[in-house]
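Participant:
There are 2 protein chains.
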Amino acid sequence: MPAHHGPFRPGDGAPAGRHIVIVGAGFGGLRAAQQLKSSPARVTVLDRRNHHLFQPLLYQVATAGLNPSDIAAPIRGILRRQRNTTVLLAEVTAIDLATRRVLLSDGDIGYDFLILAAGATDDYFGHEAWAQHAPGLKSFDDAVEIRTRVLLAFEAAERASDDVERARWLTFVVIGGGPTGVELAGALSEIARHTLARDFRRFDPREARVVLLERGPRVLAAYGEASSASAARQLERLGVDVRTGTMVTDIDAHGVTLGSERIAARTVLWAAGVRGVSLARTLGLPLDRAGRVVVERDLSLPGHPEAFVIGDLCAFEQGSKSVPGVAPAAMQMGDHAAANVLRLLGGRPTEAFVYRDKGSLATIGRAAAVAEIGWFRLSGLLAWLAWLGIHIFFLIGFRNRALVLFEWSWAYLTYQRGARLITESIYDSWRTLWGAVATTGTPASAAQGSAAASAD
Amino acid sequence: MPAHHGPFRPGDGAPAGRHIVIVGAGFGGLRAAQQLKSSPARVTVLDRRNHHLFQPLLYQVATAGLNPSDIAAPIRGILRRQRNTTVLLAEVTAIDLATRRVLLSDGDIGYDFLILAAGATDDYFGHEAWAQHAPGLKSFDDAVEIRTRVLLAFEAAERASDDVERARWLTFVVIGGGPTGVELAGALSEIARHTLARDFRRFDPREARVVLLERGPRVLAAYGEASSASAARQLERLGVDVRTGTMVTDIDAHGVTLGSERIAARTVLWAAGVRGVSLARTLGLPLDRAGRVVVERDLSLPGHPEAFVIGDLCAFEQGSKSVPGVAPAAMQMGDHAAANVLRLLGGRPTEAFVYRDKGSLATIGRAAAVAEIGWFRLSGLLAWLAWLGIHIFFLIGFRNRALVLFEWSWAYLTYQRGARLITESIYDSWRTLWGAVATTGTPASAAQGSAAASAD
């Protein structure tokens, strides 16, 4: 294989032709790239990370069940056989539709066709200050941050000097009763009740309290009422305190306020909503309430037939409902946008997108889940097995699939979670948290006394 | 299991008695704790991390072959069945031998017996400024830092605008020809020649150059001459440029200086030496040249029969040689120090430590290694299989063993490395590196031009 030298040419080494730029290698962007494999065009995939992330399993990383690399694959590795495709690690700061250029933090790149698949981020509904106290779950960093907070909360409980402080460390609040919130709450309860049950000497981890707060009248609001009721029952069986119809009015380092009520908790997680990434605002086009880009029926931008928006960043109404921000929808949109680009390259008109709902699955815990496939309803072990099979099937790359299956079988048989690591740098963040406690008047520095000089 | 409340008592929940504090849960500290399982004393294990690390395989994390959690196990999990033992996450800042207290960053703790097993850190021989340009490999943070630097170097090469800059990104220098340096150099060469061989469009990763610099006359100086020669041959077969008798006089962000010679390289790794952690200096006792604590024949401190130092932090001469800083030596010392504590508890005299050398093994790459066991010498595939078997056998916990075997079999068959992740926060560190390039006059921001407006 000869080396390529000289100035930058996107898609260098591929046949000459039109240039298609894809921003984001999530489910939508990656599928679009794969559909363009045999096109005569040159394709450039831009992402600020070097890996594709299997986001539906991110909560497993956050709860120490899986390793980051179990649910990720290097983008280059996935696309290595596509000779017309170049992958570049780059941060996109804006889109200039008029001149057809993608602006990067350190340069810019022109396109003939654009597929924008930059995704969504956590939505704190105007309360940005809550973000530091209640991290959300969108990236590896988020997942590792949550994992660290959870594991350190138990460590801090072991060193807490009084019951009030210990209870605060052992209370976990999850805000938002959608699929992510339900998954997180179920997994946290399992960690406390099984994984860590025998690890501590001064408290029983089963004393831990997991509270799931939902603003609406039921969890999993996008599902049918029977599924919601079943999910709530399964959560309660796992020991989760499910509270619907609750409105969070404040979050700080020491807990959550619900109007006149206060829940003292050192660990609060956010799963209440997402919005389109801020990059969308640089388009200068109408966005919906959730910051998503309103597209034409063929997924292109109004007035810009050469630019498409797909996935979580795309606002697309079908019937009276918005297409949901889930992986299958993003993949269908990726396929469709790529097909429309190929139509335009061939001088043909584009076609309208139609979303096909294949059903919904949400997992809750060990052998606990709900599924809705057409008119078909499942819950409990069968739904969980369906969820397991589908998620393993869709994990990219054989190696990950086999590894994840192995980790899950092991976890299922033993209740152990393999990825219970607090890495060194994160210990520092704990000391910061810890310092915060020490300054509240509650002595967190409890490692006092000894056999020779135990005062009490 | 009832919860324990009230003020801090180390070893709470265990039978009352004398208090043994172990600082550090590496190979030595952990073995000592395990030997004290049935003792009537209360045992407290202090570590600044929540996990025991299988350090001999850390280079595999640094070179994206294994995940962090494959080679680590939570200390609590390992010791959970030892009811007389409490594990605390804490940072030890000093030892006060006179009052028998361990000082923490946030408190202190008394002891009747102390086993100090705090380990070693990288030694830059007075050139502390080199540390930022040439990270060493002692912790997870180090391993992830090295992995990130290596993967980002290839990404940067893909975006480099000229050949000189690209060559600089594709040159990897490893300083130090001991086991760690040899392992790192071999693995880096395999990554370039096999793992990434087809991933890039503008250069062939096989152009990458791996240089191993050793100050002495041969690599693996602690081994026999035949093994050293065999290791050098095996490294060269993997494409490593082995240079012995070279003296590094400077390291900066752009390369390494060897007297009048200069090697331009963006990635430099340090494996040239270690020294005892600085905690040793707080003892106020004699240290050897490498900052290790000089102990009595029974591993106790001069004048302090109740305090023992073991593992990499311990300077112990046997015959004319110093006991090496390897895992088997630390484990033997851990066993011995614990046995001596038990003797003292029983009113008996301590015994002198005798190190039993079970042999040495160093791996170089795929099917490449050297082994010396008694008079027995092995190299190549057989030595590698011996190395593989022994390392998997000694990995703590079945789960890790099976996973690592799986990962290695997969890597062996496919040359793929599963843990090729650059996590988000680390992208920022790359931008810093990248920025450094941009200010040297070499335009790193190479993502210029497009199909529509390619100037060149």
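Protein chains in written order, with my numbering: chain C, 1206 to 1661; chain B, 1206 to 1661. Every residue, glycine too, gets a C-beta built ideally from N, C-alpha and C. From a predicted model like this one, the values you see are computed outputs, not experimental measurements.
1) In angstroms with no decimal places, state the Cα-to-Cα distance between L1586 of chain B and A1576 of chain B.
2) Pick out the complete beta strand (DSSP E) segments inside the region 1241 to 1302 of chain C, 3 residues or longer, and give them in chain order.
3) Starting from R1502 of chain C, trace the beta strand (DSSP E) both ways and give me its first and last residue.
4) Can you list the residues of chain C that D1404 of chain B reaches, using a CB-CB cut of under 7 Å?
5) Looking at the unbroken alpha helix (DSSP H) that takes in L1440 of chain B, where does it start and where does it end?
6) Is it true that the CB of A1436 of chain B sits closer than 8 Å to the CB of V1415 of chain B?
7) Check whether the Cβ atoms of L1271 of chain C and I1300 of chain C sit closer than 8 Å, and answer yes or no.
8) With a 10 Å radius around its C-beta and 16 neighbouring C-beta atoms as the bar for buried, classify I1225 of chain C as buried or exposed.
9) In terms of residue numbering, what span does the beta strand (DSSP E) encompassing D1327 of chain B cover?
10) Regarding A1237 of chain B and the ligand FAD, is the C-beta to nearest heavy atom distance less than 7 Å?
11) Short check: CB of L1492 of chain C to CB of V1499 of chain C, under 8 Å?
12) Step through the CB atoms of chain B and report whether any lies within less than 8 Å of the CB of S1274 of chain C.
13) CB G1381 of chain B to CB L1425 of chain B, shorter than 8 Å?
14) What number of angstroms, rounded off, separates the C-alpha of P1510 of chain C from the C-alpha of T1487 of chain C?
15) Which whole-angstrom value describes the C-beta separation of A1267 of chain C and L1342 of chain C, a residue pair presumed to lie in contact below a C-beta threshold of 8 Å?
16) Using a threshold of 8 Å, state whether the C-beta atoms of D1404 of chain C and G1282 of chain B are closer than that.
17) Only counting the same chain, and skipping five residues up and downstream in sequence, which positions put a Cβ closer than 6 Å to that of T1454 of chain B?
18) Select from C:R1471, C:L1518, C:V1473, C:G1478 the residue whose C-alpha is nearest the C-alpha of L1490 of chain C.
19) So, using beta-carbon positions, are A1543 of chain C and D1503 of chain C closer together than 8 Å?
20) In the DSSP assignment, what are the bridge partners of D1409 of chain C?
21) Taking the beta strand (DSSP E) that G1570 of chain C belongs to, which residues open and close that run?
22) Let me know if R1223 of chain C comes out buried or exposed under the rule of 16 or more other beta-carbons within 10 Å of its beta-carbon.
23) Return the Cβ separation of I1280 of chain B and V1250 of chain B in integer angstroms, given the expectation that the two are a contact with Cβ distance under 8 Å.
24) Using a Cβ cut-off of 9 Å, pull out every chain B residue sitting near T1326 of chain C, in sequence order please.
25) Does the CB of T1298 of chain B have a neighbour CB from chain C at under 8 Å?
26) Expressed to the nearest angstrom, what Euclidean distance is found between the alpha-carbon atoms of R1561 of chain B and P1554 of chain B?
27) Could you give the uninterrupted runs of the alpha helix (DSSP H) lying entirely in the region 1348 to 1394 of chain C, keeping only those of 4 residues or more?
28) Count the other CB atoms, across all protein chains shown, that sit within 10 Å of the CB of A1656 of chain C; report buried if there are 16 or more and exposed otherwise.
29) Do the region 1290 to 1304 of chain B and the region 1231 to 1249 of chain B touch if we need at least three Cβ pairs shorter than 8 Å?
30) Where do the N-terminal and C-terminal ends of the alpha helix (DSSP H) with W1580 of chain C fall, by residue?
31) Using a Cβ-Cβ distance cut-off of 8 Å, determine whether R1364 of chain B contacts chain C.
32) Listed in chain order, which residues of the region 1220 to 1245 of chain B have Cβ atoms closer than 9 Å to some Cβ of chain C?
33) Report back the beta-carbon spacing between A1520 of chain C and S1527 of chain C to the nearest angstrom; my notes put them in contact at under 8 Å.
34) Is the beta carbon of T1385 of chain C closer than 8 Å to that of I1468 of chain C?
35) Pick out whichever of C:E1363, C:F1232, C:R1448 has its Cα sitting closest to the Cα of L1260 of chain C.
36) To be precise: take each residue of the region 1349 to 1361 of chain B, compare its Cβ to all Cβ atoms of chain C, and keep it if any distance is under 7 Å. Which residues remain?
Facilitator: Looking at the coordinates:
1) For the purposes of this step, residue 1586 of chain B is taken as the residue at position 381 of the second sequence. For the purposes of this step, residue 1576 of chain B is taken as the residue at position 371 of the second sequence. Their Cα atoms are separated by approximately 11 Å.
2) DSSP runs (the beta strand (DSSP E)) wholly in the region 1241 to 1302 of chain C: 1247 to 1252, 1256 to 1258, 1277 to 1279, 1290 to 1294, 1297 to 1301.
3) Here residue 1502 of chain C is taken as the residue at index 297 of the first sequence, counted from 1. No beta strand (DSSP E) holds R1502 of chain C; DSSP gives it neither H nor E.
4) For the purposes of this step, residue 1404 of chain B is identified with residue 199 of the second sequence, where counting begins at 1. R1281, G1282, R1285, listed in chain order.
5) Translated into the one-based positions of the second sequence, residue 1440 of chain B becomes position 235. From DSSP, the alpha helix (DSSP H) with L1440 of chain B extends over 1430 to 1442.
6) Position 210 of the second sequence, counting from 1, holds the residue named residue 1415 of chain B. Position 231 of the second sequence, counting from 1, holds the residue named residue 1436 of chain B. For V1415 of chain B and A1436 of chain B, no; Cβs fall outside 8 Å.
7) Indexing the first sequence from 1 puts residue 1271 of chain C at position 66. Indexing the first sequence from 1 puts residue 1300 of chain C at position 95. Result no, Cβ atoms of L1271 of chain C and I1300 of chain C do not sit closer than 8 Å.
8) Taking the first residue of the first sequence as 1, we reach residue 1225 of chain C at position 20. So I1225 of chain C counts as buried.
9) Here the question's residue 1327 of chain B lines up with position 122 in the second sequence. 1325 to 1327 is the span of the beta strand (DSSP E), which, as asked, contains D1327 of chain B.
10) This structure does not include the ligand FAD; it has no bound ligands of any sort.
11) Here the question's residue 1492 of chain C lines up with position 287 in the first sequence. Here the question's residue 1499 of chain C lines up with position 294 in the first sequence. Going by beta carbons, L1492 of chain C and V1499 of chain C fall inside the 8 Å limit.
12) Numbered from its first residue, the first sequence carries residue 1274 of chain C at position 69. Yes, contact with chain B.
13) For this step, residue 1381 of chain B is matched to residue 176 along the second sequence. For this step, residue 1425 of chain B is matched to residue 220 along the second sequence. No, they are not a contact pair.
14) Stepping through the first sequence from its first residue, residue 1510 of chain C is reached at position 305. Stepping through the first sequence from its first residue, residue 1487 of chain C is reached at position 282. P1510 of chain C and T1487 of chain C: Cα-Cα distance of roughly 18 Å.
15) In the first sequence, the residue the question calls residue 1267 of chain C occupies position 62. In the first sequence, the residue the question calls residue 1342 of chain C occupies position 137. About 6 Å separates the two Cβ atoms, so the contact holds.
16) Taking the first sequence and counting its residues from 1, one reaches residue 1404 of chain C at position 199. Taking the second sequence and counting its residues from 1, one reaches residue 1282 of chain B at position 77. Yes, these two residues count as a Cβ contact at 8 Å.
17) Here residue 1454 of chain B refers to the residue found at position 249 of the second sequence. Same-chain partners within the cutoff: T1462, G1464.
18) What you label residue 1490 of chain C is simply residue 285 of the first sequence in a count that begins at 1. Checking every option, the nearest Cα to that of L1490 of chain C belongs to C:L1518.
19) Within the first sequence, the letter at position 338 stands for residue 1543 of chain C. Within the first sequence, the letter at position 298 stands for residue 1503 of chain C. Result no, Cβ atoms of A1543 of chain C and D1503 of chain C do not sit closer than 8 Å.
20) On the first sequence, residue 1409 of chain C is found 204 positions in, with the first residue counted as 1. Paired residues: none, contrary to the question.
21) One-based indexing of the first sequence puts residue 1570 of chain C at position 365. Start and end: 1565 to 1570.
22) The sequence position of residue 1223 of chain C within the first sequence is 18, counting from 1. It is buried - the Cβ of R1223 of chain C has at least 16 other Cβ atoms within 10 Å.
23) By one-based count along the second sequence, residue 1280 of chain B stands at place 75. By one-based count along the second sequence, residue 1250 of chain B stands at place 45. 6 Å between Cβ atoms; contact.
24) Counting from one through the first sequence, the residue named residue 1326 of chain C turns up at place 121. The contacting residues do not exist; T1326 of chain C stays about 12 Å from chain B at best.
25) Taking the first residue of the second sequence as position 1, residue 1298 of chain B is located at position 93. With 8 Å as the cut-off, T1298 of chain B does not count as an interface residue toward chain C.
26) Within the second sequence, residue 1561 of chain B is the residue found at index 356, counting from 1. Within the second sequence, residue 1554 of chain B is the residue found at index 349, counting from 1. Going by the C-alpha atoms only, they are around 22 Å apart.
27) Entirely contained in the region 1348 to 1394 of chain C, the alpha helix (DSSP H) runs reaching 4 residues are, in chain order, 1368 to 1374.
28) Along the first sequence, read from residue 1 onward, the residue named residue 1656 of chain C stands at position 451. The predicted model places A1656 of chain C with a pLDDT of 29, which falls under 50 and marks its position as unreliable, so this point remains unresolved.
29) At 8 Å Cβ cutoff, the stretches touch.
30) Within the first sequence, residue 1580 of chain C is the residue found at index 375, counting from 1. If you look at W1580 of chain C, you'll find it isn't in any alpha helix (DSSP H); DSSP assigns it neither H nor E.
31) On the second sequence, residue 1364 of chain B is found 159 positions in, with the first residue counted as 1. For R1364 of chain B, the answer is yes, since a Cβ of chain C falls inside 8 Å of its Cβ.
32) From the region 1220 to 1245 of chain B, only A1221, G1222, R1223, H1224, V1226 have a Cβ closer than 9 Å to chain C.
33) Position 315 of the first sequence, counted from the start, is the residue given in the question as residue 1520 of chain C. Position 322 of the first sequence, counted from the start, is the residue given in the question as residue 1527 of chain C. So it is a contact: roughly 7 Å between Cβ atoms.
34) As a first step, residue 1468 of chain C must be located in the first sequence, where it is residue number 263. As a first step, residue 1385 of chain C must be located in the first sequence, where it is residue number 180. No, the pair does not count as a contact, with Cβ atoms beyond the cut-off.
35) As a first step, residue 1260 of chain C is located in the first sequence; it is residue number 55 there, counting from the start. According to the sequence as given, residue 1260 of chain C is Gln; it is not Leu. Cα-wise, what sits closest to Q1260 of chain C is C:F1232.
36) Answer in chain order: L1356, E1360.
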